[in-house]
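For reference, each letter of the sequence shown is one residue, going 267 to 426 in the working numbering.
For each residue, glycine too, the CB sits at the ideal point set by N, CA and C.
These numbers were taken from a predicted model, which means no experiment stands behind them.
The structure appears right after this line, and notes come after that.
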Amino acid sequence: MYIPFENLPEESKIWIYQSNRKFSDEEFSEIETALQSFLESWAAHGTSLESSYQLKYNRFIIIAVNQDVQAATGCSIDSSVEFIQSLEQKYNVDLLDKMNVTFKLGEHIAHKPLIDFKKMVKDKAVTENTIVFNNLVNNIEEYNESWEVPAIDSWHSRFF
């Protein structure tokens, strides 16, 4: 069952999907409608999952579930991945490749393959202070505190 994101407890599990391109406002509106519909019927072993989402920067899809009410199980997680895969096909984007890095260059959001990001570090085109999106955060609390952080404060720090 869908509930507002801000009503979920901070320990709620999250999954972050980043697009390899910016979605148009129209595409993001369609995705929002599809997400709400999916979350309304998302269940684990027949029990509704108390869940929500956020859409950020016309590029990120964040799905959250309150595991205190009902934990997401293998089958329910599989169904969410299938939903994300359907968005990939419909919009011709990549949302599941974890070997890409998204970061801020001023007001611009850049998206690069990891190998290109490493080269940018070597060339000093990005620094330890470059704001990166740490999509490895596990819950809403970590998301609020550690999603948009200087590269030195995330897993990206290994490249500096």
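For this session: Look up residue 300 in the DSSP assignment and say whether it is helix, strand or coil.
Result: By one-based count along the sequence shown, residue 300 stands at place 34. Secondary structure at residue 300: helix, using DSSP grouped into helix, strand and coil.
For this session: In the DSSP assignment, find the unbroken alpha helix (DSSP H) run with residue 351 in it and report its ends.
Result: Within the sequence shown, the letter at position 85 stands for residue 351. Note, residue 351: alpha helix (DSSP H), 340–357.
For this session: State the Cα-Cα distance for the pair residue 353 and residue 344, rounded to the nearest angstrom.
Result: What you label residue 353 is simply residue 87 of the sequence shown in a count that begins at 1. What you label residue 344 is simply residue 78 of the sequence shown in a count that begins at 1. So the alpha carbons of these two residues sit roughly 14 Å apart.
For this session: Put residue 381 into one of helix, strand or coil per three-state DSSP.
Result: Stepping through the sequence shown from its first residue, residue 381 is reached at position 115. Reduced to three states, the DSSP call for residue 381 is helix.
For this session: Would you list the one or two residues that DSSP bridges to residue 416?
Result: Along the sequence shown, read from residue 1 onward, the residue named residue 416 stands at position 150. DSSP lists 397 as partners of residue 416.
Exercise. So what does residue 323 bridge to, in DSSP terms?
Worked result: In the sequence shown, the residue the question calls residue 323 occupies position 57. In the DSSP output, where bridge partners are listed per residue, residue 323 has none listed.
Exercise. Near residue 342, what residues of its chain come up, given a Cβ to Cβ distance below 7 Å and the 5 sequence neighbours on each side ignored?
Worked result: Walking along the sequence shown from the start, residue 342 turns up at place 76. Correct list, in chain order: 308, 309, 310, 315.
Exercise. What residues in its chain sit with their C-beta under 7 Å from that of residue 413, if we drop five residues either side in the sequence?
Worked result: For the purposes of this step, residue 413 is taken as residue 147 along the sequence shown, with counting starting at 1. Within the same chain, and ignoring the five residues on either side of residue 413 in sequence, the residues whose Cβ sits closer than 7 Å to its Cβ are 399, 400, 403.
Problem set entry | the ligand SAM heavy atom lying under 7 Å from the CB of residue 360 | The model depicted lacks the ligand SAM and carries no ligand whatsoever.
Exercise. Helix, strand or coil: which one does DSSP assign to residue 406?
Worked result: For the purposes of this step, residue 406 is taken as the residue at position 140 of the sequence shown. Three-state DSSP puts residue 406 in a helix.
Exercise. Which value, in whole angstroms, describes the spacing of the CA atoms of residue 269 and residue 321?
Worked result: Reading the sequence shown from its first residue, position 3 is the one you call residue 269. Reading the sequence shown from its first residue, position 55 is the one you call residue 321. Their Cα atoms are separated by approximately 15 Å.
Problem set entry | Cβ pair count under 8 Å reaching 3, the region 365–379 against the region 289–303 | no
Problem set entry | residue 411 versus residue 313: straight-line alpha-carbon distance, rounded | Within the sequence shown, the letter at position 145 stands for residue 411. Within the sequence shown, the letter at position 47 stands for residue 313. Taking the straight line joining both Cα atoms gives about 30 Å.
Exercise. Does DSSP put residue 371 in a helix, in a strand, or in coil?
Worked result: In the sequence shown, the residue the question calls residue 371 occupies position 105. Looking at residue 371 - three-state DSSP - the assignment turns out to be strand.
Problem set entry | Contact the region 275–284 vs the region 317–331: 3+ CB pairs below 8 Å | Touching, yes, given that three or more Cβ pairs across the two stretches are closer than 8 Å.
Exercise. Would you call the CB atoms of residue 305 and residue 317 closer than 8 Å?
Worked result: Working through the sequence shown from its first residue, we reach residue 305 at position 39. Working through the sequence shown from its first residue, we reach residue 317 at position 51. The answer is yes: Cβ separation under 8 Å.
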